[in-house]
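To get the numbering used here, take the position in the sequence shown, counting from 1, and add 47. Note that CB positions come from ideal geometry on N, CA and C, so glycine has one too. Inspection log for the structure reproduced underneath, given as structure tokens.
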Amino acid sequence: MKILFVYSFEDAQSVSKPIRSWSDIQFGISYISSVLKAHGHQTQLLVLGSNNNWRNNEKLVRTTLYVFDPQVICFTAVASQYTFIKKTAGFIKNQWPDKFLIIGGVHATLNPSEVLSDFIDALCIGEGEHPMVELCGQLEKKHFPREIANLWIKSPDGSVEKSPTRPFLEKLDSLPFPDRAMWKPWMKEQLGAELSVLLGRGCPYNCTYCCNHAVRKIATGKYVRTRSPENIIKEITFLHDEFPTQKRIYFEVESITLDKPWLIELLAKLEEFNSTIDNSISYGCNFRISPQSIDENIFTLLEKANFYKINIGLEAGSERIRREVVKRNYSNKNFLDVVSMARKHGLKIWVFNMIGLPGETYDDHMETVLLNRQCQPDAHYTGIFFPYPGTDLYNTCIEKGFINSASDIRMERTHAVIDSPDFTKTQIQNAHTWFNYRVYKGHRPLWQILIQTTMVKIYFNSTANFLFRRFVQLPIINHIRSKLVNR
Numbered sequence: 048m049k050i051l052f053v054y055s056f057e058d059a060q061s062v063s064k065p066i067r068s069w070s071d072i073q074f075g076i077s078y079i080s081s082v083l084k085a086h087g088h089q090t091q092l093l094v095l096g097s098n099n100n101w102r103n104n105e106k107l108v109r110t111t112l113y114v115f116d117p118q119v120i121c122f123t124a125v126a127s128q129y130t131f132i133k134k135t136a137g138f139i140k141n142q143w144p145d146k147f148l149i150i151g152g153v154h155a156t157l158n159p160s161e162v163l164s165d166f167i168d169a170l171c172i173g174e175g176e177h178p179m180v181e182l183c184g185q186l187e188k189k190h191f192p193r194e195i196a197n198l199w200i201k202s203p204d205g206s207v208e209k210s211p212t213r214p215f216l217e218k219l220d221s222l223p224f225p226d227r228a229m230w231k232p233w234m235k236e237q238l239g240a241e242l243s244v245l246l247g248r249g250c251p252y253n254c255t256y257c258c259n260h261a262v263r264k265i266a267t268g269k270y271v272r273t274r275s276p277e278n279i280i281k282e283i284t285f286l287h288d289e290f291p292t293q294k295r296i297y298f299e300v301e302s303i304t305l306d307k308p309w310l311i312e313l314l315a316k317l318e319e320f321n322s323t324i325d326n327s328i329s330y331g332c333n334f335r336i337s338p339q340s341i342d343e344n345i346f347t348l349l350e351k352a353n354f355y356k357i358n359i360g361l362e363a364g365s366e367r368i369r370r371e372v373v374k375r376n377y378s379n380k381n382f383l384d385v386v387s388m389a390r391k392h393g394l395k396i397w398v399f400n401m402i403g404l405p406g407e408t409y410d411d412h413m414e415t416v417l418l419n420r421q422c423q424p425d426a427h428y429t430g431i432f433f434p435y436p437g438t439d440l441y442n443t444c445i446e447k448g449f450i451n452s453a454s455d456i457r458m459e460r461t462h463a464v465i466d467s468p469d470f471t472k473t474q475i476q477n478a479h480t481w482f483n484y485r486v487y488k489g490h491r492p493l494w495q496i497l498i499q500t501t502m503v504k505i506y507f508n509s510t511a512n513f514l515f516r517r518f519v520q521l522p523i524i525n526h527i528r529s530k531l532v533n534r
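Set out below in structure tokens:
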């Protein structure tokens, strides 16, 4: 059976080559594709840029469906892409009513009644590898699919069969490596890009802005799971052979410090692997600050394993906001201690911040600025708070009247959605624009800070971002960038 995966994202660099890096691939559908191939099915990927002209996307859809002619079309969508995916699914269903359309992903999992629209035949709640194998098996036998755990399936009479969820897949080593080959036709790799490897699934923490606390409740079984160090090394070995020029890998996991014995074993094996190759691979990861992670020995081992950076989710410099609003219970001293230990062992620091959280005042925000000024991160990602449906903070915003309903998703992380006398929307927008300047003033050249500030304005304006992406893809610009990188 032929199965087409449709993936969309906003920051497409071009129509034909929207993906910039192997770290941009989506693991969910990549694993499902590998499992389906292992069961004898054919899969293909269609990548659409939601920021591209619709006519170009429509042409891609028509061409792909005529040439590949899939029986099943799978969509995945986060909240910010759901409107576009719904439009695409509607177009396909109107033109090819016999195609079986199924949607999955976090937004579908947390908002199934909204997502199971007229255009969608089935919806997957939670993990999709085994449900998709069962679905395609039944369809291949010309049976109308029924009683497949994790799936809501719409019957011909319009009723919906809502099967219960199956336990979370505990043995992640049983899965084949993700299907990266299906992404290759859609990628024009940028200089300095890195690979990514998924280390595990799930998160034990209850950050109120995140979906993990909600996803954890959808099924039984162990939610926080990791692959074995041996299985991870096997994939890295495969990637080293497949991509010999790639020398950086980012590890996708909520935090690499969740299980210290597992981490120590993994780091030892990474160090051992690097000793067997000529040019060592360097690694990056998410690093959650917690009592067990504030440990000098961990950073010693990270250095030995050739880690080059860690991402830290500070989110807010105000301890009150972190403790009472986002549920991240560590002190500013803990944060600065981790930064100090990481720097001592040669790691770069990337800090994630949010502006405009519920209950945040202008003075609270300035604590975020001051803490960033103290640590001087090598880079940061700072966005404006957006309440995602299904999260605790979304419910809080509704209950307290900060928002009336789901906010326009086009405002995601770029525009303030909460307005209060203590931190107005105008103040939030200005705080976001000038964050770089306030953090790095006096620490970096002024021209560099102003360029960064300008880039923030470009990146968070959809039209300006679209034009800039087209500009940097001009052959002459690529030639200049190549010369600069190879100097």
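Could you check whether residue 135 and residue 76 sit closer than 8 angstroms to each other, using their CB atoms as the reference points? No, these two residues do not count as a Cβ contact at 8 angstroms.
Hey, would you say residue 266 sits closer than 8 angstroms to residue 214, going by beta carbons? If you check the CB distance, residue 266 and residue 214 come in under 8 angstroms.
Helix, strand or coil for residue 133 per DSSP? In the structure shown, residue 133 sits in a helix (DSSP, three-state: H, G or I).
Excluding the 5 residues flanking residue 369 on each side, which residues of the same chain have their C-beta closer than 6 angstroms to its C-beta? Only 363 and 375 meet the Cβ criterion.
Taking Cβ positions, are residue 242 and residue 299 nearer each other than 8 angstroms? Their beta carbons are not under 8 angstroms apart, which means residue 242 does not touch residue 299 by this criterion.
Buried or exposed for residue 531, going by 16 or more other Cβ atoms inside 10 Å? Because the pLDDT of residue 531 is 45, which lies under 50, any placement of that residue in the model is unreliable, and the number read from its coordinates should be weighed accordingly. Counting other Cβ atoms within 10 Å of its Cβ, residue 531 stays below 16 and is therefore classed as exposed.
I'd like to confirm the pairing. Which residues does DSSP put opposite residue 248 in its beta bridges? Residue pairing from DSSP places residue 248 in a beta bridge opposite 272.
Just to confirm the assignment, what range does the alpha helix (DSSP H) spanning residue 79 have? Its alpha helix (DSSP H) spans residues 74–85.
Close-in-space but distant-in-sequence residues of the same chain around residue 52 (CB under 6 angstroms, 5 per side omitted): Spatial neighbours of residue 52 in its own chain (CB-CB distance under 6 angstroms, excluding positions within 5 residues in sequence) are listed in chain order as 76, 92 and 121.
Just to check my reading of the structure: residue 229 and residue 111 have Cβ atoms closer than 8 angstroms, yes? What is that Cβ distance to the nearest angstrom? 12 angstroms between Cβ atoms; not a contact.
CB-CB under 7 angstroms to residue 466, same chain, minus the five flanking residues each way: which ones, in chain order? Excluding positions up to five away in sequence, the list reads 472.
Please classify residue 385: does DSSP put it in a helix, a strand, or coil? Residue 385 falls in the helix class under three-state DSSP.
Between residue 456 and residue 126, what straight-line distance do the alpha-carbon atoms span, to the nearest angstrom? Confidence in residue 456 is poor, its pLDDT being 49 and thus under 50, which makes the residue's placement unreliable; the coordinate value appears in the next sentence. Distance from the CA atom of residue 456 to the CA atom of residue 126, rounded to whole angstroms, is 7 angstroms.
For residue 393, I'd like the list of residues in its chain whose CB is within less than 7 angstroms of its CB, leaving aside the five on either flank, ordered along the chain. Answer for residue 393: 350, listed in chain order.
Quick check on the DSSP output: the beta strand (DSSP E) that includes residue 90 runs from which residue to which? First-last of the beta strand (DSSP E) with residue 90: 89–96.
Nearest-angstrom beta carbon gap, residue 294 and residue 336 [assumed within contact, 8 angstroms]: With a Cβ gap of about 28 angstroms, residue 336 and residue 294 do not count as contacting.
Hey, how far is the Cα of residue 142 from the Cα of residue 117? Looking at the backbone, the Cα of residue 142 and that of residue 117 are separated by about 14 angstroms.
Is residue 149 closer than 8 angstroms to residue 119 when the C-beta atoms are compared? It is a contact, given that the beta carbons lie within the stated cut-off.
Is the region 250–264 touching the region 277–288, taking contact as three or more C-beta pairs under 8 angstroms? Judged by Cβ distances under 8 angstroms, the region 250–264 makes no contact with the region 277–288, as fewer than three pairs qualify.
Specify, as a first and last residue, the run of the beta strand (DSSP E) that residue 253 falls within. Unbroken run through residue 253: none, as it is neither H nor E.
Assuming residue 388 contacts residue 343 under a Cβ cut-off of 8 angstroms, what Cβ separation, rounded to an integer in Å, is found between them? Right, their Cβ atoms sit about 6 angstroms apart.
Residue nearest to residue 428 in terms of C-alpha spacing, selected from 438, 502 and 378: If we check each option's Cα against that of residue 428, 502 comes out closest.
Under a three-way DSSP split, which group does residue 481 fall into? Annotated three-state conformation of residue 481 is coil, per DSSP.
Counting pairs of beta carbons, one from the region 474–491 and one from the region 415–432, are three or more of them closer than 8 angstroms? Yes: the two stretches touch, three or more of their Cβ pairs being nearer than 8 angstroms.
CA-CA distance, residue 233 and residue 491? If you draw a straight line from the Cα of residue 233 to the Cα of residue 491, it comes to about 37 angstroms.
Express the C-alpha separation of residue 159 and residue 182 in angstroms, rounding to a whole number. One C-alpha to the other measures close to 18 angstroms.
Which whole runs of the beta strand (DSSP E) in the region 165–250 are 3 residues long or more, in chain order? The DSSP assignment places 169–171, 198–201, 207–209 and 242–245 as complete runs of the beta strand (DSSP E) inside the region 165–250, in order along the chain (cut-off: 3 residues).
To which residues of the same chain is residue 399 closer than 6 angstroms at the C-beta, ignoring the five residues directly before and after it? The answer, listed in chain order, is 360 and 428.
Under 8 angstroms, do residue 56 and residue 96 count as touching if we go by C-beta distance? Contact annotation: residue 56 and residue 96 have beta-carbon atoms nearer than 8 angstroms.
For a quick check, are the C-beta atoms of residue 224 and residue 285 less than 8 angstroms apart? Yes; because the gap between Cβ atoms is below 8 angstroms, this pair is in contact.
Boundaries (first-last residue) of the alpha helix (DSSP H) holding residue 351: From DSSP, the alpha helix (DSSP H) with residue 351 extends over 343–351.
Residue 431 beta carbon less than 8 angstroms from that of residue 412: Between residue 412 and residue 431, the gap from beta carbon to beta carbon reaches 8 angstroms or more.
Do residue 210 and residue 219 come within 8 angstroms of each other at the CB atom, strictly closer than that value? The answer is no: Cβ separation not under 8 angstroms.
In this structure, how does DSSP classify residue 292 when only helix, strand and coil are distinguished? For residue 292, the secondary structure class from DSSP, reduced to helix, strand or coil, is coil.
C-alpha gap between residue 505 and residue 67, whole angstroms: Computed Cα separation, rounded: 18 angstroms.
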